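What follows is one structure encoded as structure tokens, with my remarks underneath.
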Amino acid sequence: VNAIFAEANALDKEYTRRAAGAAVQAVLQRMENVARDNALWDDAIRNSYEPLNEPWAYEAWGVGTELGLYNMAFIVNAEGKTIFSYENGKKLDKPIAAVFGNGLIRLIARLPQDKTTFATVSALFKRSKELFAVTAAPILPSSDAVSLPQERPNYLVFAKLIDADMLATLAQ
1490 VNAIFAEANA LDKEYTRRAA GAAVQAVLQR MENVARDNAL WDDAIRNSYE PLNEPWAYEA
1550 WGVGTELGLY NMAFIVNAEG KTIFSYENGK KLDKPIAAVF GNGLIRLIAR LPQDKTTFAT
1610 VSALFKRSKE LFAVTAAPIL PSSDAVSLPQ ERPNYLVFAK LIDADMLATL AQ
């Protein structure tokens, strides 16, 4: 009888681990879709390259941090400098590397560096005891009507806090 209970507990733990893994993958995929929808955009080219149109960027991406679509939004230029950053509706006055470390800069470096190739990357990052799903994509035009104003693209980065409530919702 004890062996049956032990096997049932082991199966339950495995199911929980798989469910949590599937939930995290679903969050990462959703974040990549959000990045794709927001980074391939002619208006983003007109407004998110230097000089940055901060009111436009806030309305386009900063508001999403207030609404809970994601918790953080960043624009990082081709040299790795953070030119826009918001968390939960408030402006952040620190570079992205200070928030998530140099691992995020290395993740962004895996993205295409040219004017036309689009891709997304995503990974999990810790900040203190918090876990975030983070995704990045190059900000590129969605049509031939607009061209990139510099040789290498800027990058849009979104981060979503993964907490117990989110995992429970996703598991249902």
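This note's numbering applies: residue 1490 is where the sequence shown begins, and numbers increase by one. Each residue gets a CB set at the ideal place from its N, CA and C atoms; glycine is no exception. Note that the structure is predicted; figures quoted are calculated from it, not measured.
Point to revise | Unbroken alpha helix (DSSP H) run spanning Val1552, endpoints | key: Here the question's residue 1552 lines up with position 63 in the sequence shown. First-last of the alpha helix (DSSP H) with Val1552: Val1552 to Leu1556.
Exercise for review: Note down the Cα distance separating Leu1600 from Ala1657, rounded to an integer number of angstroms.
Suggested key: Counting from 1 along the sequence shown, the entry for residue 1600 is found at position 111. Counting from 1 along the sequence shown, the entry for residue 1657 is found at position 168. So the two alpha carbons sit approximately 32 Å from each other.
Review point. Under the rule that 16 or more other beta-carbon atoms within 10 Å means buried, what is Asn1591, buried or exposed?
Key: Taking the first residue of the sequence shown as position 1, residue 1591 is located at position 102. Answer is exposed; the Cβ neighbour count stays below 16.
Practice item. Determine the contact status of Asn1527 and Leu1645, defining contact as a CB-CB distance below 8 Å. Key: Along the sequence shown, one-based indexing puts residue 1527 at 38. Along the sequence shown, one-based indexing puts residue 1645 at 156. A contact, by the Cβ cut-off of 8 Å.
**Study point:** With 16 other Cβ atoms within 10 Å as the buried cut-off, status of Trp1515
**Key:** If you number the sequence shown from 1, residue 1515 lands on position 26. Note that residue 1515 is Ala in the sequence shown here, rather than Trp. Flag for Ala1515 reads exposed.
Exercise for review: State the DSSP-derived secondary structure class of Val1623, mapped to helix, strand or coil.
Suggested key: Locating residue 1623 in the sequence shown gives position 134, where the first residue counts as 1. Reduced to three states, the DSSP call for Val1623 is strand.
**Study point:** the segment 1641 to 1655 touching the segment 1626 to 1633, judged by at least three CB pairs closer than 8 Å
**Key:** Yes: the two stretches touch, three or more of their Cβ pairs being nearer than 8 Å.
Exercise for review: Assuming Val1523 contacts Leu1558 (C-beta within less than 8 Å), just tell me the rounded distance between them.
Suggested key: Walking along the sequence shown from the start, residue 1523 turns up at place 34. Walking along the sequence shown from the start, residue 1558 turns up at place 69. Val1523 to Leu1558, Cβ: 7 Å. Contact.
Practice item. For Arg1616, I'd like the list of residues in its chain whose CB is within less than 8 Å of its CB, leaving aside the five on either flank, ordered along the chain. Key: As a first step, residue 1616 is located in the sequence shown; it is residue number 127 there, counting from the start. Cβ neighbours of Arg1616 within its own chain (closer than 8 Å, five residues either side excluded): Val1588 and Phe1589.
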